[in-house]
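Novice: So the sequence shown is residues 1 to 299, counted in UniProt numbering.
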Amino acid sequence: MVNDSITLAILNGKSAGNEDLRQAIATLRKEGYRLEVRVTWEHGDGERYVREAVDLNATTVIAAGGDGTINEIATALAGLPPERRPVLGIVPLGTANDFATSAGIPLEMENALRLAIIGKATAIDLARVNGDRYFINMATGGFGTRITTETPEKLKSALGGVSYFIHGLMRMDTLKADSCHLRGPDFDWQGDALVIGIGNGRQAGGGQRLCPQALINDGKLELTIATSQELLPTLLHTLTSDDENPNLITASLPWLTIDAPNEMTFNLDGEPLTGTKFRIEVMPDALECRLPPSCELLA
Numbered sequence: 001m002v003n004d005s006i007t008l009a010i011l012n013g014k015s016a017g018n019e020d021l022r023q024a025i026a027t028l029r030k031e032g033y034r035l036e037v038r039v040t041w042e043h044g045d046g047e048r049y050v051r052e053a054v055d056l057n058a059t060t061v062i063a064a065g066g067d068g069t070i071n072e073i074a075t076a077l078a079g080l081p082p083e084r085r086p087v088l089g090i091v092p093l094g095t096a097n098d099f100a101t102s103a104g105i106p107l108e109m110e111n112a113l114r115l116a117i118i119g120k121a122t123a124i125d126l127a128r129v130n131g132d133r134y135f136i137n138m139a140t141g142g143f144g145t146r147i148t149t150e151t152p153e154k155l156k157s158a159l160g161g162v163s164y165f166i167h168g169l170m171r172m173d174t175l176k177a178d179s180c181h182l183r184g185p186d187f188d189w190q191g192d193a194l195v196i197g198i199g200n201g202r203q204a205g206g207g208q209r210l211c212p213q214a215l216i217n218d219g220k221l222e223l224t225i226a227t228s229q230e231l232l233p234t235l236l237h238t239l240t241s242d243d244e245n246p247n248l249i250t251a252s253l254p255w256l257t258i259d260a261p262n263e264m265t266f267n268l269d270g271e272p273l274t275g276t277k278f279r280i281e282v283m284p285d286a287l288e289c290r291l292p293p294s295c296e297l298l299a
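1) For the alpha helix (DSSP H) containing D132, list its first residue and its last residue.
2) Measuring CA to CA, which of I136, Q23 and G44 is closest to G13?
3) Measuring only the C-alpha atoms, how far is G119 from P86?
4) Here's the rule: buried if 16 or more other CB atoms are within 10 angstroms of the residue's CB, otherwise exposed. What is R290?
5) Can you tell me which of the three DSSP states E296 falls into?
6) Should V91 and I136 be called a contact, given that it needs their Cβ atoms to be closer than 8 Å?
7) Could you name each continuous beta strand (DSSP E) segment of 3 residues or more that falls completely within the UniProt domain "DAGKc" (2 to 133), going from the start of the chain to the end?
8) Grab me the residues of G270's own chain with a C-beta within less than 6 Å of its C-beta, minus the 5 sequence neighbours each way, in chain order.
9) Select from I280, D188 and I6 the residue whose C-alpha is nearest the C-alpha of T60.
10) Can you list, in chain order, the residues of its chain whose CB lies under 6 Å from that of I196, leaving out five sequence neighbours each side?
11) Nearest by alpha-carbon distance to R202: which of L297, H181, L194 and D259 is it?
12) With a Cβ-Cβ cutoff of 8 Å, do I198 and A139 count as a contact?
13) What's the call for I280, buried or exposed, on a 16-neighbour Cβ count within 10 Å?
14) Taking the alpha-carbon of N200 as reference, which of A299, A116 and A214 has the nearest alpha-carbon?
15) For R202, name the three-state secondary structure that DSSP assigns.
16) Under 8 Å between the Cβ atoms of I25 and V39?
17) Kindly indicate which three-state DSSP category L273 falls into: helix, strand or coil?
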């Protein structure tokens, strides 16, 4: 037996038929790894399977899916007492895989699965929103959020992350800024925001690097605001350059509040949250996650 500990892999039901993943699981089982598999069907399954992993004394829980699946599993893990909390592993199977991509997790199934089972466990931060919602990668608000939530599933399946950008170009006529007031330690901004990115990770919406300086173990969130007056220069600059953009408002904060006169929707790793008041705070060292040694998101 190579490894006596149990790993529970939780697969998003949409991706359960992935043949490369099936082969990878078979290969690692032949090598002696104890690998249990569960498949989600409806909301709440991920949390239920995480509780089952604790009952099995699993040392690792793998989130096999996209950013939404990772969010669901990470949220469930965060609710466990530290002494009973398995390590998070990630196998990217989603449309955009924004968190996995920026973390340098392999897209090849066997390599990703092997990393998820035996990679080095590293403490990472989570972000908490209004006390009971979480994101591991990014919260986005404004026009970009409307695009990612409205992009048709067929377009995402056909084109992957590029679909968000294409759909955004198709909907340029619906551009509308959100009036809001953001506050944090030594930070106070009020105005019309077209796009807001609050990053624990660096990219969202299929590869848009909204928070290119974010780190997932520094106890801070990276804030990026694109104002309505600077839309087109900001979009073009974001797509063509990694240099600092003078048209963006940025900050690094352990927490911030957002107040808006009208309802805003934030996309938390793909899960929408609508309201007029938000408090977003970092939870340092909330989880342990198996990441590659070269992970750029680590301080």
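Just so it is clear, CB atoms sit at the ideal spot from N, CA and C, and this is done for glycine as well. Here the structure is a predicted model, which is why all the values come from computation and not from measurement.
Specialist: Well, looking at it:
1) No alpha helix (DSSP H) holds D132; DSSP gives it neither H nor E.
2) Each of I136, Q23 and G44 was checked against the Cα of G13, and the nearest Cα belongs to G44.
3) Near 13 Å, if we compare the C-alpha coordinates of P86 and G119.
4) Buried, because 16 or more other Cβ atoms sit within 10 Å of the Cβ of R290.
5) If DSSP states are grouped into helix, strand and coil, E296 belongs with coil.
6) No, the Cβ-Cβ distance between V91 and I136 is not below 8 Å.
7) List check, beta strand (DSSP E) in window: 3 to 11, 33 to 39, 60 to 65, 87 to 92 and 121 to 129.
8) Counting only Cβ-Cβ distances below 6 Å, and skipping sequence neighbours, we find D67 and G68.
9) Among I280, D188 and I6, the Cα nearest to that of T60 is on I6.
10) Hits under 6 Å: G141, G142 and I225.
11) For R202, the closest alpha carbon among the candidates L297, H181, L194 and D259 is that of L297.
12) Going by C-beta atoms, I198 is nearer than 8 Å to A139.
13) With 16 or more Cβ atoms within 10 Å of its Cβ, I280 is classed as buried.
14) N200 has its Cα closest to that of A214, out of A299, A116 and A214.
15) DSSP places R202 in coil when its eight states are reduced to three.
16) The answer is no: Cβ separation not under 8 Å.
17) The three-state secondary structure of L273, taken from DSSP, is strand.
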